[in-house]
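First up is the structure itself, then whatever we jot down about it.
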Amino acid sequence: MAEVTRKSLTGVLKTTADLLDLLGQEAFRAQAYRSAARSLEATDSDVADLLSSAFAGVPKVGKTIATDLLAFAGTGTFAPLEDAASQVPPGVLGLFRVRGLGPKKIRALWDAGIDSLETLREACRDGRVASLKGFGAKSAASILDAVDFALAAQARQHLSTSLDISEALAGALSGLDPHSSGDAGRGLDTADTVRLTVTGCAAEVQARLAGVAEALDAWEDGPGLKGRVDGVPVEVACGPAETRGALDLVYDGSLSYVQAMQAEAAARGFELTGQGLRRGGVLVPTPTGADVARELGLALRPPEYREPEHDGLWEALPAADELVTVQDLRGLLHTHSVWSDGAATIEEMAQQTLRLGHSFLGTGDHSRAAHYANGLSIERLRAQLKEVRELQAAGLPLVTGAEVDILDDGSLDYPDDVLAELDYVVASVHSLFTLDPARQTERLIRAASHPLVTILGHPTGRLLLRRPGYAMDLDAVLAACEASGTVVEINANAYRLDLDWRHVLRWRGRLTFAINTDAHVPAGLADTRYGVAVARKAGLTPAQVVNTLEREEFLAFVSRQRAARL
DNA sequence: GCCGTTTTCGGCCCGACTGTTTTCAGTCG
């Protein structure tokens, strides 16, 4: 079997929890597996250490779960999951990906003979769902929408998943010059297949990947292999050094860009394929993509700019070496701590920020309306400010902030005099996602125009592959940000990536952005790489990203922003 | 199932919203 990862450990725990809920077991038992998964996500220890210490000291992982997880690492079988799964048809588990369906409703559907996303879609259409007890016409319609979303999403992975797998494969292929290709290589927010290119032959790739990928098979057309890692489809394309440039270009994509390049090549009497660049059937050596472009007399687009949205636009965008990088980010803003729903102290988060090479941390815990997230009352916020001042006195570079809930009417969850005590303010929506579009737009415009709001947090509320953003007039909200000088967040959490790069691309030059991790654990502070991928696809330079400023410059920026609104 | 103990078992986050009901169950953040 493939090696256990943090993701495979937390995956079996979460799936077990879902199944126990579905089987009607005591809710707290399922919750225990979920808590254990969350705890494993939050711990900083690597998987090897966790296993060798038998999970000693990991909160929420007791004797039973620790023993079962160790057995899973050895045998690939997690006993509680096997037990539960044997009682449930495999397709039923997929129903947990449908928004609005929980264990009780899924159980009701299963009892009615609906046991997969496909059969659920049919049952929504033919009226069976609407006629079930506890369901109705409105439920059936919203479930159908959610099923279509889930079916479309199931073939794709988050950028973080794709890059994790890509890097694991690259490690196994070291020496063959592995290159992250395909959607993830271009920094796209989601990817269908994880693709790599290497210099070498298929037999060597196959030998290297034994034990890393499963179900490895040679391609039928051309040199390469396909297989799966953690259930995710992977493809490795390979070839000799003299065709590597063509290989990279073709497998990097996008499809429309490659087809355009192939058409340009044909117009010049060449044939461009993954097997190389040929003229009159004779191979033209092209070790790099730049060589291909030079032979064809074309400019080579940076991989970031190869989507259809960049057509006719990319030449006016900054060159790749001018785009913002993770190293350019000085401050990590909008972060959580144990004060609300984070898993680490402010001090631990700040230390990790410095270890990653950034220069300051901005606190950003939840405000009082966020009960579920242990949001801070005004009294607790002031106590937190006192702690921050002590940490600052001890030499930690911090700025104070909060992620303040935008209330029903667009007002904020703390009064102005409290907001004014903070160095910066992120305003975010965490409630009333289904407000009618006109009211939602009005609500967000009001919040974005508030004189003390520094940054509008995760502006659309989307969760990639899970739910679309709230219905509203996004351009009207972004125009309000432009008018009031409010910074727009690029939430770097790989499950959000909100604002979407396509909107950032459209609004670049008119807005200032912040690349924020929204980290709840120290490891989450490294999510900057995903937010930076968004910014690069949108052509952003460091000057357009507010948290490339050093601490004092950032504080001065906020002062100017506030002064301009008086 | 985990935790913290009154060391043997009770408590584990909860308010708001939605669509279904006919007073509330289920889901979400």
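Take any residue in the first sequence, count from 1 to its spot, add 143: that is its number in our numbering. For each residue, glycine too, the CB sits at the ideal point set by N, CA and C.
Separation of Ser309 from Met404, as counted between CA atoms:
Met404 and Ser309 have their C-alpha atoms roughly 25 Å apart.
Original post:
Could you give the uninterrupted runs of the beta strand (DSSP E) lying entirely in the segment 411–453, keeping only those of 3 residues or more?
Top reply: Counting only runs of 3 or more, we get 413–416, 419–422 and 425–427.
Q.
Going by DSSP in three states, Ser317 sits in which element: helix, strand or coil?
A. Secondary structure of Ser317 (DSSP, three-state): coil.
Query raised in the report: Which residues in the same chain as Val531 place their Cβ atom closer than 6 Å to its Cβ, once the five residues preceding and following it in sequence are excluded?
Result: Here the set comprises Leu541 and Thr543.
field: Alpha-carbon to alpha-carbon, Ser196 and Thr153
entry: The straight-line gap from Cα to Cα measures roughly 17 Å.
task: Starting from Ile658, trace the alpha helix (DSSP H) both ways and give me its first and last residue.
output: From DSSP, Ile658 is part of no alpha helix (DSSP H) but of the beta strand (DSSP E) over Phe656 to Asn659.
### Whole-angstrom C-beta distance between Arg242 and Arg610, which should lie under 8 Å
The beta-carbon distance between Arg610 and Arg242, rounded to whole angstroms, is 6 Å. This is short enough to meet the 8 Å contact definition.
- [ ] Decide if Gly167 is buried, meaning its Cβ has at least 16 other Cβ atoms within 10 Å, or exposed.
- [x] Burial call: exposed.
*Going by other Cβ atoms of all chains shown within 10 Å of its Cβ, with 16 needed for buried, is Asp712 buried or exposed?*
Residue 712 cannot be examined here, being either before or after the span of the chain that is shown, 144 to 709.
Check: Should Ala410 and Val355 be called a contact, given that it needs their Cβ atoms to be closer than 9 Å?
Finding: Contact: no.
Legend entry - Where the beta strand (DSSP E) containing Gly217 begins and where it ends: Premise fails: Gly217 lies in the alpha helix (DSSP H), Lys206 to Thr218, not in any beta strand (DSSP E).
Span separating the alpha-carbon of Val235 from that of Gln535: Near 52 Å, if we compare the C-alpha coordinates of Gln535 and Val235.
Run the CB neighbour count on Arg498, radius 10 Å, all protein chains shown included, and call it buried at 16 or more, exposed below.
Arg498 comes out exposed.
Q | Straight-line Cα distance separating Thr304 from Ala313 | A | Distance between Ala313 and Thr304, taken at the CA atoms: about 14 Å.
- Message: For a test of the three-state rule: what should DSSP assign to His509, helix, strand or coil?
- Response: Under the three-state reduction of DSSP, His509 is assigned to strand.
Own chain residues within Cβ distance below 6 Å of Gly667, not counting five before or after: Taken in chain order, the residues that qualify are Thr660.
Ordered along the chain, which non-local residues of its own chain (more than five positions away) have a Cβ less than 6 Å from that of Val569? Within the same chain, and ignoring the five residues on either side of Val569 in sequence, the residues whose Cβ sits closer than 6 Å to its Cβ are His477, Gly507, Glu546, Ile598 and Gly600.
Determine the extent of the beta strand (DSSP E) in which Val561 is found, giving its start and end residues.
-> For Val561, there is no enclosing beta strand (DSSP E); the residue is part of the alpha helix (DSSP H) that begins and ends at Asp559 to Leu562.
* Output the boundary residues of the alpha helix (DSSP H) element that contains Ala296. => Ala280 to Ala296 is the extent of the alpha helix (DSSP H) around Ala296.
message: Runs of 4 residues minimum, wholly inside the segment 219–280: which ones carry the alpha helix (DSSP H) assignment?
response: Counting whole runs of 4 or more residues, the segment 219–280 contains the alpha helix (DSSP H) stretches 222–228, 233–236, 246–254, 260–268 and 271–274.
Quiz item: What's the C-alpha gap between Arg525 and Pro602?
Solution: Answer to the nearest angstrom: the Cα atoms are 27 Å apart.
Rounded to the nearest angstrom, how far is the Cβ of Pro383 from that of Thr342, given a contact under 8 Å?
-> Indeed, because the Cβ distance is near 7 Å, the residues count as touching under 8 Å.
With 16 as the cutoff for other CB atoms within 10 Å, does Val372 come out buried or exposed? With 16 or more other Cβ atoms within 10 Å, it is buried.
Give the straight-line distance between the Cα atoms of Thr336 and Ala160, rounded to the nearest whole angstrom.
When rounded, the distance between both Cα atoms is 28 Å.
Practice item. Under 7 Å Cβ to Cβ from Tyr448, same chain only, skipping five residues before and after it: list those, please. Key: Around Tyr448, the same chain offers Trp457 and Leu460 as residues with beta carbons nearer than 7 Å, after the five sequence neighbours per side are excluded.
* Mind reading off the beta-carbon distance from Val359 to Ala389? Whole number of angstroms is fine, and I expect it under 8 Å. => Note that residue 359 corresponds to Leu in the displayed sequence, not to Val. Actually they are not in contact, since the Cβ atoms of Leu359 and Ala389 sit about 24 Å apart, beyond 8 Å.
DSSP three-state label for Ala626, please.
Residue state, collapsed to three classes: helix.
> Could you give the uninterrupted runs of the alpha helix (DSSP H) lying entirely in the segment 633–703, keeping only those of 4 residues or more?
Replying inline: Counting only runs of 4 or more residues that sit fully inside the segment 633–703, the alpha helix (DSSP H) segments are 644–650 and 671–680, in chain order.
- Query: So, do the segment 278–294 and the segment 259–266 have three or more beta carbon pairs nearer to each other than 8 Å?
  - Reply: Yes, they touch.
* Quick one: give me the first and last residue of the alpha helix (DSSP H) that Pro580 is part of. => Note, Pro580: alpha helix (DSSP H), Pro580 to Ala591.
- request: Below 7 Å CB to CB, which residues in the same chain sit around Met144 once its five sequence neighbours on both sides are set aside?
  value: Residue confidence for Met144 is low, a pLDDT of 48 falling below 50, so the modelled location carries little weight; the figure read from the coordinates is stated next. The beta carbon of Met144 is closer than 7 Å to those of Gly219 in its chain, skipping five residues each way along the sequence.
Review point. Between the C-alpha atoms of Asp408 and Arg271, what's the straight-line distance to the nearest angstrom?
Key: According to the sequence provided, residue 408 is Ala. The question's Asp does not apply to it. When rounded, the distance between both Cα atoms is 54 Å.
Between the Cα of Asp551 and those of Gly432, Val561 and Thr577, spot the shortest distance and give me the residue it belongs to.
-> Here the closest residue by C-alpha is Thr577.
If we ignore side chains and look at the alpha-carbon of each, how far apart do Gly412 and Tyr394 end up? The straight-line gap separating the alpha-carbon atoms of Gly412 and Tyr394 is approximately 21 Å.
Under 9 Å, do Lys793 and Val647 count as touching if we go by C-beta distance? Any question about residue 793 goes unanswered here, given that the chain covers just 144 to 709.
Q. My guess is that Leu621 and Leu654 are in contact by the Cβ rule of under 8 Å, so how many angstroms apart are they, rounded?
A. The beta carbons of Leu621 and Leu654 sit about 7 Å from each other, so the pair counts as a contact at 8 Å.
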